[in-house]
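Read through the structure below, which is laid out as structure tokens, and then see the notes.
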Amino acid sequence: MQKVVTHFALVLTIALAVSMAVVAVTPVMAHPSIDIAVANWKFTPSTITIPLGEPTTLRLTSTSGVHGIKSDDLGIPLTTIPNGKVVEITFTPKKAGTYVLHCQIVCGPGHADMALTIVVSDASAGKAQ
Ligand SMILES: [Cu+2]
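Under our numbering, the residues of the sequence shown are numbered 870 to 998, in order.
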């Protein structure tokens, strides 16, 4: 009986590992996902370029301090990024341009200069219609 239980546990472990591997290689989201490190007092990268009209997910992780971003133009609600947490924001830019998002939480001496620049690029603009 003990052997059967051990065998079952092994099969279950393998099945779990295989299903996790499938999840890992399957593109879950077709739209871009961008990792941004947030720290005192900068976003890294500090400038990102994203396509116009496509849902984009920002995955923000703070390694020091509590920060925040917000953009009415881009449809990003006021979002706090606590230290050590991963915060995901998905939005769809409606208008091409350059948007400078200043940190929304007063976070210390470097706060005034802490900004994330998002360039929304209309990739079809240069192509013949
Ligand atoms: Cu900040």
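All residues carry an ideal CB built from backbone N, CA and C; glycine is no exception.
I'd like to know whether the C-beta atoms of residue i and residue j end up nearer to each other than 9 Å.
i, j, result
"residue 957", "residue 927", "yes"
"residue 924", "residue 959", "yes"
"residue 964", "residue 941", "no"
"residue 967", "residue 915", "no"
"residue 993", "residue 919", "no"
"residue 988", "residue 950", "no"
"residue 851", "residue 912", "Look at the range of the chain in this structure, 870 to 998, and you will see that residue 851 is not part of it."
"residue 905", "residue 930", "yes"
"residue 939", "residue 946", "yes"
Can you check DSSP and say which residues form a bridge with residue i?
i, result
"residue 915", "Answer is none; residue 915 lacks a bridge partner."
"residue 959", "926"
"residue 904", "928"
Can you give the beta carbon distance from residue i to residue j, rounded, assuming they're within the 8 Å contact cut?
i, j, result
"residue 972", "residue 937", "6 Å"
"residue 935", "residue 903", "With a Cβ gap of about 21 Å, residue 935 and residue 903 do not count as contacting."
Give the range of the beta strand (DSSP E) segment to which residue i is assigned.
i, result
"residue 966", "966-971"
"residue 954", "Neither: residue 954 is in no beta strand (DSSP E) and is coded neither H nor E."
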